[in-house]
Amino acid sequence: MNSVEQLAKRINNKIFEETGEKTDVQIHDADRRNSEIRFSYGWKLSYSLDYMSLGSSHPRQGLDCGSPAGAQVQANERLSYYQSGRDDRFIRKLREKAPATVDGFRQGNMNLGNDGQLYFGSESCSGCHGRGENTCYSCTNGSTMCNTCYGRGTVQEMRYINNQNQMVTNTCNSCGGRGKINCYACYGKGKTQCSTCSGSGKQYSGFYISVSAKRGSSYSIQDPSPHHWTELYVRIADRQISNFLSDISIKEVADRNYTIAYEMQAVLPTLECNATIPAGTTGMQLIGRQDHVINAGCIMDATVWERAINLGHGDYALRDRNILNMPAVEEMLRKHESDEDSALVGSRWISEDVYEAVVDKYESFVGDLKKNNKQGLWKTVLGGYFMVLLAFVVPLFLIGIFIPEAAVGMSSYLRSFDISDLHLLNLHETVPYHISRFPYGGIGTDDLFIWITGVLIWAGLLQTIHKKKRSKMETTFHFLIWFWLCPYMYRWGQMMVELVSDKFGKPTEFTHVEWYKFGLEMLIQNWPQIVTFSIATAFVLISWRYWQKKDTAIKQYRSDILSARFSLKTE
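Take the sequence shown: its letters are residues 1 to 571, numbered as in UniProt numbering.
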């Protein structure tokens, strides 16, 4: 098998891996050329002084130059040693990072760090002018007026003397009769420590010498007749062209434009050929000894589009699943959803036109799924709410008819559910109550245990029912609904058990008109509570049913990309 036949076999295998379709691509008119290329490249060192503010503390390491100006002078003097080459440490460091090898050729701009020396100095603090302290603004000379005697030095007290109450003037115990007390801010000193320099009176700053290397390059093609696209690809590939070169030789040269310069001579193998496929003939461009495809001539377009065009046509879930899981389609959809690079589109195995057409089909398919998922939702919502409302109303009505004694108590229970109290989580009651207990140590281990256990139970319940399929916002919203609804449902159930178990089975007088009227009155009087409970309950139940339907509809396609689009967790 010659090289052209091997190339055809490799291309056919590639198409089968990406599409699952067997093809018979034939290669002909193969034109191989070896272009000699010379690269001139190198790096130029760039030096700079980096200023640093060091605060009020004396640096533990570095060269103390007295003042910031002196530090800058000494740093510049040292910098001249590096620039002149008298100190070649950075030249040697650059040569280590960019040697005369292919790996060195692939290096771009580099940061070589600094020389490890800090040149610093100090100057008087601008906040205190070098004193380290400032006048205290909370007092006068370290004293403030006594708040007990208001500066008088004496206080008047009522005492019982000689069988009568008399006003007596005494020396103020708080200030000892001075009328002043020491300032709490400066402790009576009249001065406070400077916050800018922390009392040192100095501010330190310094300089580092930083070095970077900027890369430059040029190339020339020595071959008088390369393929017309060779120069364009060399310019676009830049340093990555080294992956496809052969017969490489590199030597260091002198170039006044660079600190270190190299010259690389190499051979770039290229191949241009035509490929015959059922849809016609297309041109291909390959590079390197391994025939790396850089332009496949859109050879997969027909194969991919013949299958992708059927996405979403009719009710064929198995066919749609196979299309979505085709490797070529998966790669294109991943590029569409996350902006990842696609090797198939980049190397023109698939054209931009087919890529955009597949994306359009996918978006249309997603739109149909959303529409189908919501189809009949309002009917389900209204029907579900009606059933839940009946579940509340019918038992109450029957209890009002057959167990009037229980209905009387139940009505009082229901009216205790004031509609104005149905705030989310009852924060207006619980938070102030528990805050008021804090000063007295009211929050004990029992309360904390109950609170933590309750939160964990409801969080676990929500995650179990919905299998973590919602977004964070949706999860939080549904958690709050559950957390708000369940305590009321518990009280409702407790009320039913207590009243019915207490009254059921006891003889009672039965009069149709009176008890029907009583049952209706109980429903009418308590309709806000009944409607509120039924809406909340219906919301939770119908929401769970909707997400179950959505989960089943999307997961049948076994596509991670589609599941992520609908915010569903992948298996």
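Beta carbons are placed, not taken as given, at the ideal position from N, Cα and C, and that holds for glycine.
Because the structure is a prediction, the values reported are computed rather than measured.
In this chain, the beta strand (DSSP E) harbouring Arg32 covers 26-55. Following the DSSP letters along the chain, one finds Ser84 inside the alpha helix (DSSP H) bounded by residues 68-84. Taking 9 Å as the cut-off, the Cβ atoms of Val359 and Met332 count as close.
Looking only at Tyr557, Met110, Leu45, the smallest Cα-Cα distance to Ser84 is reached by Leu45. Just measuring C-alpha positions, the residue of Tyr81, Gly188, Gln265, Ile260 sitting nearest Leu245 is Gln265.
Within the stretch 111-175, the beta strand (DSSP E) runs of at least 3 residues that lie entirely inside it are, in chain order, 119-124, 133-135, 143-145, 154-161, 164-171.
The three-state reading of DSSP puts Gln6 in helix, counting H, G and I together. Between Ser220 and Ser48, the C-beta spacing is not below 9 Å. Residue burial is scored here from C-beta neighbours: Ala308 has at least 16 other C-beta atoms within 10 angstroms and is therefore classed as buried. For Asn372, the secondary structure class from DSSP, reduced to helix, strand or coil, is helix.
Nearest neighbour of Lys251 by Cα position, chosen from Tyr41, Gln290, Cys186, turns out to be Tyr41. Non-local beta-carbon contacts of Asn34 in its own chain, meaning distances under 6 Å to residues more than five positions away in sequence, involve Val267, Pro269 in chain order.
Spanning the alpha carbons of Glu340 and Arg319 requires a straight line of approximately 26 Å.
Around the CB of Gln203, 16 or more other CB atoms lie within 10 Å, so the residue is classed as buried.
When the beta-carbon positions are compared, Ile15 and Thr303 come within less than 9 Å of each other. In the three-state reduction of the DSSP assignment, Asp103 falls in the helix class, which pools H, G and I. The shortest CA-to-CA distance from Arg95 to any of Thr140, Ala213, Tyr137 is the one to Ala213. In the three-state reduction of the DSSP assignment, Pro59 falls in the coil class, being assigned neither a helical nor a strand state. With a cut-off of 8 Å on Cβ pairs, the stretch 186-203 is in contact with the stretch 137-147, counting three or more such pairs. Bridge pairing for Lys180: Met145 [DSSP]. Here Ser351 is not near Val293, since their CB atoms are 9 Å or more apart. Within the same chain, and ignoring the five residues on either side of Gln556 in sequence, the residues whose Cβ sits closer than 6 Å to its Cβ are Ala317. The C-beta separation of Asp291 from Leu7 comes to about 6 Å, placing the pair in contact by the 8 Å criterion. Pairwise C-beta distances place the stretch 169-178 in contact with the stretch 152-161, as three or more of them are shorter than 8 Å. DSSP, reduced to helix, strand and coil, places Asn325 outside both helices and strands of the structure shown, so it counts as coil.
Nearest to Glu363 by C-alpha distance, out of Gln166, Asp353, Gly312, is Gly312. Secondary structure note for Ala302: its alpha helix (DSSP H) is the uninterrupted segment 301-308.
Nearest in C-alpha terms to Met300, of all of Asp24, Val4, Thr169, is Asp24.
Secondary-structure assignment with DSSP links His292 through a beta bridge to Ile287. Residue range 560-565 is occupied by the alpha helix (DSSP H) that includes Ser563. Under a 10 Å Cβ-count criterion, Gly280 is classified as exposed, with fewer than 16 other Cβ atoms of the shown protein chains found around its own Cβ.
The stretch 53-68 makes contact with the stretch 119-129; the number of CB pairs closer than 8 Å reaches 3 or more. Per the DSSP secondary-structure output, Met264 pairs in a beta bridge with Phe39, Ile250. A Cβ-Cβ contact shorter than 9 Å links Arg334 with Ile561.
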